[in-house]
């Protein structure tokens, strides 16, 4: 079954998405449905060669703007590209959605139309993050979907992160940790302490709290936090990276020797950028939905967006959602306890 | 009046602190009281030349261990070096305390003995952070003192951060921002939205929300957050910095050319480390206490610890605490409103 690609949104709507889809078809043999303005897509496709059995177009007549509120997009734009793409999954005509459009609207639409996996209260965005070990990335979730999180939700994030690490990262027994302001048990605010207790009782390989500094050191495979903290962590990491680049560029100009050194280090700097950024993964997964949903940065280039389509196909092939459902059933006792703790949600 | 220096704690207790104190006396003419084991300090001082009018010793008989709980330290060690140092401030024999000891114990002792400045509910740790502009650092607070924060506390952090930026950073009208998961008004959890409203009504130059990525870009002077988020932000920034260093070191070894480039870039890398780290500031301020309290990293070297003593003296000379008290009176109306919001604390 094909992957539905929302061709709207992002910095270069249509052009990037269509070329990326063509490359996903040609490079990996993935089947794709392009969703958007039919004629424009058809026009753009003329520039490319591809196996036409694997690529079709489904028309949509509206577009969710990047600054539009998710609620209004959901209510008022039932023919938007993201809505039509998600509907394809609901109707069993596609297995996954990939979008670089308005993230809030994509999440809201997926949650509303496809609903959560049974036993999951709140879907979460999982971001694949680099560690100092070239081949050992880790999963951070929630990277921004839920600002306020009860222990029940955080516990479910841990289950989903574990399933993601077992399938997508091919790990046998992922080390799961809670992002906290200290390693000792009892750290953090009350919801974190309660989540810690739930995780200790679970079937997960819970290794305790981890600090923001240590998480890049290849010590854990899954880092759990609420979406507010996840957003701060990701953005501070990006900001620090930009800070370092900016200072080095400035300081290099102070001497000819260091200008030369900078050129001679082109290789390592390029490798650093590749190892730090998301382009090989292509996008973040919205986990916990009945269907695979991959959210891409608005500034994604063709290579990145193509990889996001591949990422979606892999999650389908690896039966990620069955794994999540399995983790929920294995930990039902702890989930029920968390529900009592939360006043019976 | 002198600065009280806790000679215990840190990675090299006594040696670092005593030498740093001698240098603060010799380099800046600051008066210092060294607090700790009298005979050991006396012995160590024999290695140095200094103006003995400006340096005296006060004996203490106990030491708070680095892993001791703040509550037990406070209850059971009334003759610890930190307690004796703080008592000196209380008794009007010193104006400030500098310590590289157990941070939690130092904070708890200072709060318990010296009490908060009138109108400040919760003291906060203010950290001076670098921006991309060499001469424009910014203040981030709370960097870790308070895990849970009501809008009232966050608002008071903003007042203290503003006073700190006006005095210590010599700014006329600091731009104050709230660390949040988006720039738009209405972002974040409910306490942040309420804090946003309080800040809008205040006499501060409130510029709105700032994201974790943008705060390093020399856009704002004071960044307000709760101590949990502050801890995560600082640690993630450190972790990202370490990540970058570690990857570059690894990648450089892949070719002779880049090894040479690395050597040729020694200058810029050194400048980057200097601009990124805290050693010129020497330590973080615990703001909101009746007395100046500077908290140093446990791994502080002599240069850093000396600068922390200078930092303390500057805060005294700049009458930082009068400025904080002034900001409280100027914004009493908003504070009272916040108290009603919080159920009358």
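Chains as they are written, first to last, in my numbering: chain A, 1 to 345; chain B, 1 to 345.
Yeah, the Cβ is synthetic: ideal placement off N, Cα and C, and Gly gets one too.
These figures come from a predicted structure and were not determined experimentally.
Closer than 6 Å by C-beta to residue i: which residues in its own chain qualify, once you throw out the five before and the five after it? Chain order, please.
i	result
residue 209 of chain B	178, 180, 183 and 187
residue 54 of chain A	25 and 31
residue 141 of chain A	124, 126, 157 and 161
residue 320 of chain B	167
residue 293 of chain A	97, 110 and 286
residue 352 of chain B	A question about residue 352 of chain B goes unanswered here, because the residues of chain B that appear run from 1 up to 345.
residue 338 of chain A	151, 152, 155 and 198
residue 324 of chain B	117, 160 and 163
residue 134 of chain B	none
residue 356 of chain B	Lying outside 1 to 345, the shown extent of chain B, residue 356 of chain B is not represented and no answer is given.
residue 122 of chain A	146 and 153
residue 344 of chain B	A caution first: residue 344 of chain B carries a pLDDT of 48, below 50, which makes its placement in the model too unreliable to give a value.
residue 22 of chain B	48 and 50
residue 330 of chain A	203
residue 291 of chain A	89 and 114
residue 277 of chain A	none
Opposite residue i in the DSSP bridges: which residues?
i	result
residue 191 of chain B	For residue 191 of chain B, which the question treats as bridged, DSSP gives no partner whatsoever.
residue 209 of chain A	A:178
residue 66 of chain B	Residue 66 of chain B is not bridged to any residue.
residue 295 of chain B	B:99 and B:284
residue 223 of chain B	B:140 and B:177
residue 4 of chain B	B:33 and B:97
residue 56 of chain B	B:33
residue 129 of chain A	A:138
residue 348 of chain B	Past the edges of chain B, shown from 1 to 345, lies residue 348 of chain B, and the structure says nothing about it.
residue 202 of chain A	Beta-bridge pairing links residue 202 of chain A to no other residue.
residue 106 of chain A	BP columns for residue 106 of chain A are empty, so no partner.
residue 116 of chain B	B:289
Give every residue of the same chain whose Cβ lies closer than 7 Å to the Cβ of residue i, excluding the five residues on either side of it in the sequence, and list them in chain order.
i	result
residue 62 of chain A	77, 79 and 80
residue 16 of chain A	10, 300, 301, 302 and 305
residue 333 of chain A	none
residue 340 of chain A	none
residue 131 of chain A	137, 138, 216, 217 and 218
residue 255 of chain A	none
residue 307 of chain B	279, 280, 281 and 282
residue 174 of chain B	162, 165, 166, 205, 221 and 222
residue 311 of chain B	281, 282, 283 and 294
Since I believe residue j is in contact with residue i (beta carbons under 8 Å), could you give me their beta-carbon distance rounded to a whole number of angstroms?
i	j	result
residue 233 of chain A	residue 232 of chain B	6 Å
residue 105 of chain A	residue 85 of chain A	Not a contact, Cβ separation roughly 12 Å.
residue 93 of chain A	residue 3 of chain A	Incorrect: roughly 11 Å between the Cβ atoms, too far for contact.
residue 147 of chain B	residue 189 of chain A	5 Å
residue 143 of chain B	residue 284 of chain B	6 Å
residue 229 of chain A	residue 206 of chain A	Contact flag wrong, Cβ pair sits at about 18 Å.
residue 265 of chain B	residue 265 of chain A	6 Å
residue 272 of chain A	residue 236 of chain B	In fact, because the Cβ distance is near 17 Å, the residues do not count as touching under 8 Å.
residue 268 of chain B	residue 246 of chain A	Actually they do not touch by this definition, with Cβ atoms about 12 Å apart.
residue 149 of chain A	residue 226 of chain A	4 Å
Tell me which same chain residues have a C-beta within less than 8 Å of the C-beta of residue i, skipping the five on either side of it?
i	result
residue 18 of chain A	7, 34, 41, 44, 45 and 48
residue 328 of chain A	117, 118, 119, 120, 156, 159 and 335
residue 112 of chain B	74
residue 352 of chain B	Past the edges of chain B, shown from 1 to 345, lies residue 352 of chain B, and the structure says nothing about it.
residue 248 of chain B	262
I want to verify the contact list: residues of chain D whose CB lies under 9 Å from the CB of residue i, in sequence order.
i	result
residue 232 of chain A	Structure shown: chain D not included; protein chains present are A and B.
Next on the checklist: Quick check on the DSSP output: what are the complete alpha helix (DSSP H) runs of length 4 or more inside the region 227–276 of chain B, in order along the chain?
Outcome noted: 227–252, 256–264 and 266–276
Item to check | Contact residues within the region 91–115 of chain B, judged by C-beta distance below 7 Å to chain A | outcome: none
Checklist entry - At a Cβ cut of 9 Å, what residues of the region 257–269 of chain A count as close to chain B, listed as they run along the chain? => result 257, 258, 259, 260, 261, 262, 263, 264, 265, 266, 267, 268 and 269
Item to check | Near-chain B residues of the region 135–156 of chain A - C-beta to any C-beta below 8 Å | outcome: 144, 147 and 148
Checklist entry - Can you list the alpha helix (DSSP H) stretches of 4 or more residues lying completely in the region 311–335 of chain B, in chain order? => result 320–330
Next on the checklist: Runs of 4 residues minimum, wholly inside the region 68–93 of chain B: which ones carry the alpha helix (DSSP H) assignment?
Outcome noted: 70–76 and 81–90
Next on the checklist: What are the residues in the region 50–76 of chain A lying within 8 Å of chain B by C-beta distance?
Outcome noted: none
Checklist entry - Going along the region 184–196 of chain A in order, which residues come within less than 7 Å of chain B, judged by CB to CB distance? => result 188 and 189
Checklist entry - Quick one, which residues of the region 205–216 of chain B are near chain A if we go by CB-CB under 9 Å, in chain order? => result 211, 212, 213, 214, 215 and 216
Checklist entry - Which residues, taken in chain order from the region 317–329 of chain B, show a beta carbon closer than 9 Å to some beta carbon of chain A? => result none
Checklist entry - Along the region 11–38 of chain A, what residues have a CB closer than 7 Å to any CB found in chain B? => result none
Item to check | Interface positions of the region 275–294 of chain A facing chain B (Cβ-Cβ less than 8 Å), listed along the chain | outcome: 275 and 276
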